[in-house]
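Below you'll find the structure, written out as structure tokens, and then a few comments.
Protein chains in written order, with the working numbering: chain A, 190 to 643; chain B, 65 to 561.
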């Protein structure tokens with residue numbers, strides 16, 4: 190029992206102080222018929238040596254991104270994680286602290302959150318950032334629910350088909366018993382959200398419109414066009430969803446185009462894919478919406494000696510005070526992952542973030558040019574993209590990916606998972622980790638497979 | 065006072081500039097490989113109207129600046145690695161480092177959630193194995209690992225109850241919640257579309273069965289109860305509670321935040337509980353990370369299995385694993401992908417380390433430690449409910465408040481003695497609560513040092529109340545103007561140019 194320090198001698202002394210003769214007596218408030226008389230049916234304890242062996246054996250059954258070149262994206266991206274991000278996270282003072290409810294001895298966590306909020310604000314062009322939400326999908330849900338609270342006499346949200354399908358599914362789960370209707374706006378022939386489709390749904394019942402950029406098919410949306418298409422509807426709130434946060438290094442920020450909320454997934458900021466989590470959701474809003482924000486916020490103040498200090502603030506929105514009337518039920522957030530993002534964003538900084546984005550953009554453009562020349566490969570949308578390409582071939586995408594896998598390439602995310610009619614379509618993501626050789630090899634292998642007889 | 069003097073938490077540090085203030089034009093903390101493809105004309109691939117030219121205000125710092133900045137910031141924090149952190153109901157236990165190492169194995173950390181099932185059999189096996197362990201611990205037939213926090217698990221559970229009731233013809237209107245409950249309970253119920261009816265606790269701090277009998281009618285969907293409750297008291301009538309609800313067609317939801325007090329001793333399934341969430345970060349030792357990430361898996365009784373979120377993890381007869389998304393009665397998906405996998409790995413590593421015999425020991429020693437503190441402090445602090453304590457004990461400031469010293473002051477003074485304070489904002493039914501939870505990972509000498517400090521403070525409250533009321537004295541900053549932060553919110557840094 191290496192995590193339980195007390196010896197049997199300690200235990201005897203403690204029982205004496207308590208005035209009990211055995212530990213069992215301490216459980217007398219649990220009715221006898223509910224108490225187990227045998228241990229749980231679990232394997233016996235493992236030593237570290239056995240544990241390592243077991244987990245490594247299991248991990249070996251995965252084809253992970255270190256064993257194959259990965260072109261997988263669709264909301265989770267293989268970006269570079271600088272060494273110092275994880276090493277700083279492992280500092281016990283960050284790793285093993287709790288929510289900073291006692292600010293005098295939690296200034297480290299509070300300040301890192303304040304810095305994280307500042308980064309979010311700079312990147313999105315909006316004023317007030319949340320201290321972190323679970324992930325991109327739930328951040329999107331919270332953004333929608335938040336806008337529904339701001340505009341109480343309305344009940345409809347228009348969501349672009351370009352928003353990640355799993356985000357939309359999550360939204361539908363959350364609103365199933367609430368008086369909120371989710372209507373979907375189509376994409377146009379170029380892969381952008383159709384302005385006609387938005388117009389067709391637009392009426393006084395609409396409280397928000399949500400558009401993802403780059404959207405699920407990789408296409409960069411035109412925020413200005415969406416603003417113009419929705420300007421006539423007074424009070425409507427425009428939500429930008431960002432599933433690939435590295436794009437904020439080069440894409441014009443939503444706050445500069447009349448969007449009042451930006452939300453999304455911060456996994457790109459130095460966080461490993463780890464089979465889908467933990468990630469970090471972000472939510473940033475225009476100043477006038479700050480009292481409707483769900484979850485935690487950190488603010489600046491002073492202590493009794495006048496020193497600058499940080500504290501959790503505007504807590505009257507939160508569940509531990511407002512209970513059933515709180516802005517959300519969020520209690521645990523993702524502070525450690527937000528810290529990882531803060532460290533990454535600080536380290537990369539003004540120029541590094543732009544350079545990462547430029548490399549993603551440039552390398553994806555290069556791959557797109559290479560794929561254009563391959564017969565049997567079609568890229569349905571010609572609009573500007575950031576780092577992800579929607580590809581369709583004459584072959585079934587699942588079989589194609591299986592063939593790529595045999596060549597050591599994780600070739601993309603087949604779209605049939607989300608869209609029945611897209612049996613031959615898939616998404617290919619490129620990041621700064623790819624070399625020209627990777628991209629050339631990808632194009633060559635794809636050409637061989639699509640061109641070859643099957 | 066000896067301890068107070070030697071235990072300054074700061075190594076003399078009281079402040080650290082913001083990372084943005086360390087910024088100097090031209091500093092770099094990174095280097096990327098040279099771009100090795102021909103550059104396209106930027107205007108052609110991304111028109112000017114869609115792009116930004118720079119990220120104004122972002123910092124420019126070197127790796128040295130970053131390492132020093134965050135290392136210095138870390139020193140302004142108190143953590144469980146530094147000593148006892150008796151924050152009641154938050155369960156701050158030791159975080160084994162082997163768990164961190166397991167989560168970082170490249171074969172696990174570098175898997176993508178949308179890979180084909182054949183490529184991620186290892187990840188799926190971990191999920192399946194953890195689910196099997198939790199089924200055994202809960203005594204319930206099925207578990208979803210998707211919820212990523214306790215409150216997320218609550219919402220999942222209540223949505224399932226809603227769906228099940230809806231299917232039987234009436235989703236009902238109310239969720240009953242004792243007044244001692246966590247704030248997340250009513251918030252989650254409201255989020256799921258229910259109205260909340262609060263139940264008053266009895267003089268023992270538990271639920272009154274007669275009151276419950278009267279309150280449960282055909283409009284009540286469920287009772288959300290915490291076992292043991294936030295006073296650390298076991299609801300001895302839990303089986304009767306379940307019967308009362310079930311007779312009226314309502315469900316029993318258990319907030320499993322305090323599962324660490326009876327893991328391996330008793331099982332929720334045998335108590336008649338229909339749904340329970342477990343905060344893996346509490347009972348199963350995954351680090352709290354300054355507020356998260358956590359994980360809040362939910363176990364359900366047979367009747368609720370059809371409504372579990374999609375996908376579920378399943379095993380075929382040939383031993384391979386797959387994800388079942390074809391569940392027509394499911395409430396849907398609670399989050400993109402499969403939950404906080406990295407946290408689940410840590411929890412499984414812990415369960416495997418403790419094994420069959422170890423988990424029971426966790427509860428035994430957690431309860432022993434709490435009762436030891438209770439025995440040592442009960443002459444110095446008022447015990448508002450004299451019911452038997454499990455893993456945590458709640459005192460109040462009733463005796464100290466005669467000297468105009470209150471819980472908050474006692475909490476702040478404890479910092480001078482080098483301890484994180486107990487929970488003080490909770491439970492709401494105890495005025496001036498001090499909710500202490502030591503967990504099983506504290507040695508007797510640390511418990512003694514804590515009790516000595518608490519007793520010394522009780523004495524100070526009588527002899528020198530001013531000293532306590534102006535505490536803390538040795539922390540990086542002293543008491544903060546929280547009202548000012550809320551009245552004039554400054555939520556991000558503006559460069560004063």
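Glycine included, C-beta positions come from ideal geometry on N, C-alpha and C.
Can you confirm whether residue i, when its beta carbon is compared against all beta carbons of chain A, has any partner nearer than 7 Å?
i, result
"residue 405/B", "yes"
"residue 75/B", "Any reading at residue 75/B must be qualified, since the residue scores a pLDDT of 46, below 50, and its modelled position is unreliable; no value is offered."
"residue 496/B", "no"
"residue 609/B", "The displayed coordinates of chain B run from 65 to 561. Any statement about residue 609/B would go beyond what the structure contains."
"residue 483/B", "no"
"residue 515/B", "no"
"residue 288/B", "no"
"residue 445/B", "no"
"residue 456/B", "no"
"residue 463/B", "no"
"residue 30/B", "Not covered by the structure: residue 30/B. The range shown for chain B is 65 to 561."
"residue 154/B", "yes"
"residue 450/B", "no"
"residue 109/B", "yes"
Taking C-beta pairs closer than 9 Å, name the residues in chain B that residue i reaches, listed in chain order.
i, result
"residue 627/A", "Chain B residues near residue 627/A: none, gap ~10 Å exceeds 9 Å."
Compare the C-beta of residue i with all C-beta atoms of chain B and state if any pair is closer than 7 Å.
i, result
"residue 452/A", "no"
"residue 346/A", "no"
"residue 212/A", "yes"
"residue 576/A", "no"
"residue 429/A", "no"
"residue 630/A", "no"
"residue 190/A", "yes"
"residue 637/A", "no"
Helix, strand or coil for residue i per DSSP?
i, result
"residue 94/B", "coil"
"residue 354/A", "helix"
"residue 298/A", "helix"
"residue 199/A", "helix"
"residue 149/B", "coil"
"residue 246/B", "coil"
"residue 499/B", "strand"
"residue 302/B", "helix"
"residue 254/A", "coil"
"residue 632/A", "helix"
"residue 377/A", "coil"
"residue 523/A", "coil"
"residue 499/A", "strand"
"residue 401/A", "strand"
"residue 305/A", "helix"
Using the beta-carbon of each residue, which ones in chain A are nearer than 7 Å to residue i?
i, result
"residue 103/B", "551"
"residue 418/B", "234"
"residue 216/B", "323"
"residue 539/B", "293, 294"
Give the DSSP bridge partners of residue i, in chain order.
i, result
"residue 340/B", "318/B, 363/B"
"residue 460/B", "446/B, 497/B"
"residue 376/B", "388/B"
"residue 115/B", "440/A"
Using a C-beta to C-beta distance shorter than 8 Å, which residues of chain B count as neighbours of residue i?
i, result
"residue 353/A", "400"
"residue 441/A", "113, 114, 115, 116"
"residue 580/A", "Those within 8 Å of residue 580/A in chain B number zero; the least Cβ separation is about 15 Å."
Could you work out which residues of chain A lie near residue i, taking near to mean beta carbons separated by less than 8 Å?
i, result
"residue 125/B", "535, 536, 538"
"residue 78/B", "496"
Which residues of chain C have a Cβ atom closer than 7 Å to the Cβ of residue i, listed in chain order?
i, result
"residue 174/B", "Among the protein chains in the structure shown, which are A and B, there is no chain C."
I want to know whether the stretch 369-377 of chain B touches the stretch 387-394 of chain B - three or more CB-CB distances under 8 Å. yes
Should the stretch 377-385 of chain A be regarded as contacting the stretch 564-578 of chain A, the criterion being three or more beta carbon pairs within less than 8 Å? yes
For the stretch 254-274 of chain B against the stretch 215-230 of chain B, are there 3 or more C-beta pairs whose distance is under 8 Å? yes
Is there contact between the stretch 577-586 of chain A and the stretch 599-619 of chain A, where contact requires at least three CB pairs shorter than 8 Å? yes
Tell me whether the stretch 440-449 of chain B and the stretch 478-485 of chain B touch, counting them as touching only if at least three CB pairs, one residue from each stretch, are closer than 8 Å. no
Below 8 Å, can you find three or more Cβ-Cβ pairs linking the stretch 519-526 of chain B to the stretch 451-458 of chain A? no
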